[in-house]
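Structure, as structure tokens:
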Amino acid sequence: MTDAQISPLAVIGPGVELGTGVSVGPGAVILGPCVIEDDVYIGASALIGSPPEMTDQPQNAAWAGELAHAGVRICRGAVVREGAVIHQGSHRPTTIGAGAWILNRAYVAHDVHIGAGTTVSAGVSIGGHCEIGARVNLGLNASVHQRVFIGAGCMVGMGTPLTRDLPPYAKAFGSPVRVHGVNTIGMQRFGIDDTQITALQAAYAAGDLVLERTSHAWSEPLAADIGAWRARESRRPAILVD
């Protein structure tokens, strides 16, 4: 660990590895096993590395060296703001992708994977084992049910209770949640060409949220995001708006 700025009021437990340029604010608690990569910012009173909330898992005292779980990994350049809570994984590290933002009071449960560049807004709660792709935006106070898959580039409206999976670049909001078309602005910003955007819009408008009926030849970078969605077992996509 070099060039780190660690408040003397922070608690860094055993089994925590800190990279270069890490900042940790006052009152933050980081418990091992945990890897914090370079240039990560952790705000005041953030809590990282508590044991998973599972009745068949030990509620270990990680601060005393009981490092019984699968850990947490926060990748390079991520930001974890004040009061956020990130739990240990039970069978794989809970992972925050490179450049992701976890904002105030957000909750990330055990075994969650969050992709690079994703924003988890203030007050969002994410249940265990969720897979959240890159460049997703979860709006204020959204709630994500455990084991939900959210494809890359999705936009989820504030306060949305999300209990079903989302295909790549979907816009979803409401209660119950509905898919309201495609995040075209996010696709354009990621360099996806208009032909690909139009083809995805057409597929979703036709109700093909699992992308099994389209014969379009997807090109990169969209092809990789669609491949991850197709590889998802037992997809249960949210309902398309009428």
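For the sequence shown, this note's numbering assigns the number 23 to the initial residue and increments by one for each residue that follows. For each residue, glycine too, the CB sits at the ideal point set by N, CA and C.
* To do: Going by CA-CA distance only, name the one from V101, M76, A90, A50 that's closest to D60.
  => V101
* Should F212 and P259 be called a contact, given that it needs their Cβ atoms to be closer than 8 Å? -> no
* **I214, enclosing beta strand (DSSP E) - first and last residue** => Here I214 belongs to no beta strand (DSSP E), and DSSP marks it neither H nor E.
* To do: Could you pull out every unbroken alpha helix (DSSP H) segment of at least 4 residues lying fully inside the stretch 77 to 159, listed in chain order?
  => none
* Identify every residue that forms a DSSP beta bridge with V38. => C56
* Residue of H167, A86, E104, H202 minimising C-alpha distance to Y191 -> H202
* C-alpha distance - I207 paired with V44, whole-angstrom precision -> 32 Å
* Asked: With 16 other CB atoms within 10 Å as the buried threshold, where does L222 fall?
  -> buried
* Neighbour-count burial assignment, S256, 16 or more Cβ in a 10 Å radius -> exposed
* **CB of A164 within 8 Å of CB of A138, strictly** => no
* Counterpart residues of Y63 in DSSP-defined beta bridges -> Answer is S45, V101, bridged to Y63.
* Would DSSP call G173 helix, strand or coil? -> coil
* To do: Use the C-beta contact count for L231: other C-beta atoms within 10 angstroms, 16 or more gives buried, fewer gives exposed.
  => Residue environment analysis places L231 among the buried positions, since at least 16 neighbouring C-beta atoms fall within 10 angstroms of its C-beta.
* Asked: Can you give the Cα-Cα distance for P36 and R95, rounded to whole angstroms?
  -> 15 Å
* Helix, strand or coil: how does DSSP classify R257 here? -> coil
* Just checking my contact of E39 with I58 at CB under 8 Å: how many whole Å lie between their CB atoms? -> Indeed, because the Cβ distance is near 7 Å, the residues count as touching under 8 Å.
* Asked: Which residues in the same chain have their Cβ closer than 7 Å to the Cβ of M209, if we skip the five residues on either side of it in sequence?
  -> G175, Y191, I219
* Asked: Which whole-angstrom value is the C-beta distance of G65 and G41, which I expect to be below 8 Å?
  -> That belief does not hold up - the Cβ atoms of G65 and G41 are roughly 17 Å apart, past 8 Å.
* To do: Measure the alpha-carbon distance for V158 versus I28 and round it to whole angstroms.
  => 29 Å
* To do: For the alpha helix (DSSP H) holding R252, just list the boundary residues, first then last.
  => 244 to 252
* **6 Å CB neighbourhood of Q81 in its chain, flanking five on each side removed** => P73
* To do: Could you give the DSSP three-state label for G208: helix, strand or coil?
  => helix
* Asked: Looking only at its own chain, which residues have a Cβ that is under 6 Å from the Cβ of Q79, when we skip the five neighbours before and after it?
  -> S112
* To do: Could you work out which residue in A86, I124, G99, H132 is closest to G93 when comparing CA atoms only?
  => H132
* Compare the Cα-Cα distances from A194 to each of V33, S241, L262 and report the closest residue. => L262
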